[in-house]
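In this text, residue positions in the sequence shown follow the numbering used here: the first is 22, and each later residue adds one. All C-beta atoms in this analysis are idealised placements derived from N, C-alpha and C, irrespective of residue type, glycine included. Okay, so here's the structure we're looking at.
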Amino acid sequence: MRTFLQNEQLRLRSPEPEDLEFLYRCENDTSLWQYGSTLSPFSKYALHQYISQAEQNIFVSRQLRFMIDSKKDDCVVGTIDLYDFDPYHNRAGVGILIDKAYQRRGYATQALKLLIEFAFGFLHIHQLYAYIPTENTDSLALFGKLGFEQSGVLKDWNMGLDKYKDIAVFQLIAP
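As structure tokens, then:
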């Protein structure tokens with residue numbers, strides 16, 4: 022029987038109350054806001070409510086957040102999300118964040134592989150996509166390495182800290 026969401030090094034799992042401090046730190050890191058749609062800080066109360074009430078059914082909430090657990094380090098090293106799930110067109114966006122202390126250890130590659138296997142093999146999603154700032158060369162390389170193809174560039178799409186930024190659109194169609 023095939024297993025999803027884990028390998029020898031990593032486990033992808035739902036957020037737990039113990040993840041509050043990690044999520045609080047990540048969601049309130051203003052240097053990361055330019056990559057998403059966050060416009061103001063999250064309180065611990067709001068994040069606690071999210072964790073306790075999060076609907077982990079992608080067909081209901083249209084999104085899934087996973088915590089990335091390192092089995093070796095026995096800690097959370099990041100998050101990976103399916104978002105904007107569209108059940109009619111059967112596609113979802115992918116977002117990933119690896120804590121700075123754990124970058125460059127292969128966690129992003131492994132977590133993205135696990136998410137792709139889960140999305141295509143279990144959820145039977147037809148297509149995954151990612152919006153990546155063109156200056157984020159590490160993410161461009163990561164998604165390209167795992168078979169995503171760049172299908173376009175959205176000019177001046179996201180406001181960065183000081184100017185508008187171009188966003189590369191990457192897509193991966195299920196085999």
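- Just reading off the alpha helix (DSSP H) that Leu-41 is part of, what are its end residues? The continuous alpha helix (DSSP H) containing Leu-41 extends over residues 41-48.
- Query: Since Asn-111 and Gln-84 are thought to touch, with beta carbons under 8 Å apart, how far apart are those beta carbons, to the nearest angstrom?
  - Reply: In fact, because the Cβ distance is near 15 Å, the residues do not count as touching under 8 Å.
- Item | Alpha-carbon spacing of Phe-169 relative to Gly-57, whole angstroms | 20 Å
- Message: Using the Cβ count rule (16 or more neighbours within 10 Å means buried), how would you classify Lys-176?
- Response: exposed
- Query: What's the gap between the Cα of Cys-96 and the Cα of Gln-131?
  - Reply: Between the C-alpha atoms of Cys-96 and Gln-131 there is a straight-line separation of about 15 Å.
- Thinking C-alpha only, which one of Thr-155, Ala-162, Ala-195, Gly-165 is nearest Ala-189? The option with the nearest alpha carbon to Ala-189 is Thr-155.
- Could you spell out the range, first to last residue, of the alpha helix (DSSP H) harbouring Gln-77? Element bounds for Gln-77: n/a, residue is neither H nor E.
- Asp-90 to Arg-32 span [Cα, whole Å]: 5 Å
- Message: Can you give me the C-alpha to C-alpha distance between Leu-193 and Tyr-150, rounded to a whole angstrom?
- Response: 6 Å
- Query: Can at least three beta-carbon pairs, one atom from the stretch 30-48 and one from the stretch 156-164, be found at a separation below 8 Å?
  - Reply: no
- Item | Rounded straight-line distance, which links the Cα of Glu-29 to that of Gln-124 | 18 Å
- Tell me which same chain residues have a C-beta within less than 6 Å of the C-beta of Gln-171, skipping the five on either side of it? Ala-189, Phe-191
- Euclidean distance between Cα positions of Ser-52 and Ile-117: 15 Å
- Item | Cα-Cα separation, Ala-73 to Tyr-185 | Per the sequence shown, the amino acid found at residue 73 is Ser instead of Ala. For Ser-73 and Tyr-185, the distance between alpha carbons rounds to 35 Å.
- Determine which residues share a DSSP beta bridge with Ser-52 and list them. None; Ser-52 has no bridge partner.
- Message: If the criterion is Cβ atoms closer than 9 Å, does the pair Leu-103 and Ile-79 meet it?
- Response: yes
- Which stretch, first to last residue, makes up the beta strand (DSSP E) that contains Glu-170? 170-180
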